[in-house]
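In what follows, a single structure is set out as C-alpha cells and then discussed.
Numbering (the working numbering), first residue to last: 27 to 249.
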C-alpha cells in the first residue's frame with residue numbers, strides 16, 4: 027500500500043490557497059484548448075476569492091487574484107487574463123532588510139523616546155515653551171520610573187537623571203514639585219457570586235439535616 031505524505035508532494039507555492047487549488051491550476055495548464063482554460067481559470071479565480079475573503083479589502087482585488095493564479099502555475103498557464111501577466115522577477119523580489127537599531131539606551135526604564143524628547147527640547151528657543159517641555163519630560167520620567175521599578179521615587183532622582191541625560195543643559199528649579207505617582211498593586215476581589223452559592227449550599231445542608239432529624243424522631247413517637 028502506497029501512502030501519500032506531504033514530504034513526497036511538491037511544495038505549495040501559495041499555501042493560503044491550499045493544495046487543491048494548486049492541483050486545479052496544474053490541471054488547467056494541461057488542457058488542450060484556450061477556451062477550456064479560460065473557462066476553468068475563471069472558476070478557480072472565484073474559488074480563490076471565496077477562500078480568502080480578506081483580500082476583498084485590498085485594492086485591485088481581482089488583479090491580485092489573477093497575479094496569484096500565474097504565480098501558482100509557475101507562470102506557465104496560458105489564459106486570457108483581464109490584467110497584464112506579472113513578471114516572474116518582480117514576483118520573487120524581496121525588500122532589503124531594515125536592520126535593528128544599534129543605539130544604546132542609557133536608562134532603559136526611561137526608554138529611547140525620553141532621550142529624543144530631551145534632544146528636541148534643547149533645540150527649543152522659546153524660554154517659556156522650553157520650561158514647560160522640561161517639566162513635562164520630568165513628569166513622564168517619574169511615571170516611567172515607577173512603572174519599571176514599582177516603587178516610589180523622589181523628585182531629586184528625576185532631576186539628577188534629567189541633568190545627566192541632557193549633559194547639564196536642562197534643569198528644573200528645586201522648588202518645582204512633580205506630579206505624585208504611586209504604584210498600586212492589583213488586588214484580587216472575591217467573587218460575590220461564589221459567596222451566594224456557598225450560603226445557599228449551607229442553607230440546603232441545614233434544611234436537609236433538619237429534615238433528617240425530624241424523620242428520626244418520628245419512629246420514637248410511634249414506639
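Built from N, CA and C at the ideal position, the CB exists for glycine as well.
Exercise. Helix, strand or coil for residue 262 per DSSP?
Worked result: Lying before the first or after the last residue shown, residue 262 is absent from the chain, which here runs from 27 to 249.
Problem set entry | Supposed close pair residue 64, residue 105 - CB separation, criterion 8 Å | 5 Å
Problem set entry | Whole-angstrom C-beta distance between residue 71 and residue 91, which should lie under 8 Å | 5 Å
For this session: Grab me the residues of residue 174's own chain with a C-beta within less than 7 Å of its C-beta, minus the 5 sequence neighbours each way, in chain order.
Result: 135
Problem set entry | Endpoints, alpha helix (DSSP H) assigned at residue 139 | 137-148
For this session: Put residue 186 into one of helix, strand or coil per three-state DSSP.
Result: helix
Exercise. Thinking C-alpha only, which one of 126, 169 and 97 is nearest residue 272?
Worked result: In the structure as shown, the chain starts at 27 and stops at 249, and residue 272 therefore has no counterpart that could be examined.
Problem set entry | Presumed contact (8 Å Cβ cut-off) between residue 207 and residue 161, rounded CB distance | Wrong, their Cβ atoms sit about 14 Å apart, outside the cutoff.
Exercise. With 16 other CB atoms within 10 Å as the buried threshold, where does residue 48 fall?
Worked result: buried
For this session: Compute the beta-carbon to beta-carbon distance between residue 142 and residue 131, rounded to the nearest angstrom, for a pair I have assumed lies under 8 Å.
Result: Rounded, the Cβ-Cβ distance is 11 Å, inconsistent with contact.
Exercise. Is the region 188-197 touching the region 144-160 in the sense that three or more CB pairs, one from each, lie closer than 8 Å?
Worked result: yes
Problem set entry | residue 113, DSSP secondary structure in three states | coil
Exercise. Do residue 112 and residue 100 have their C-beta atoms within less than 8 Å of each other?
Worked result: no
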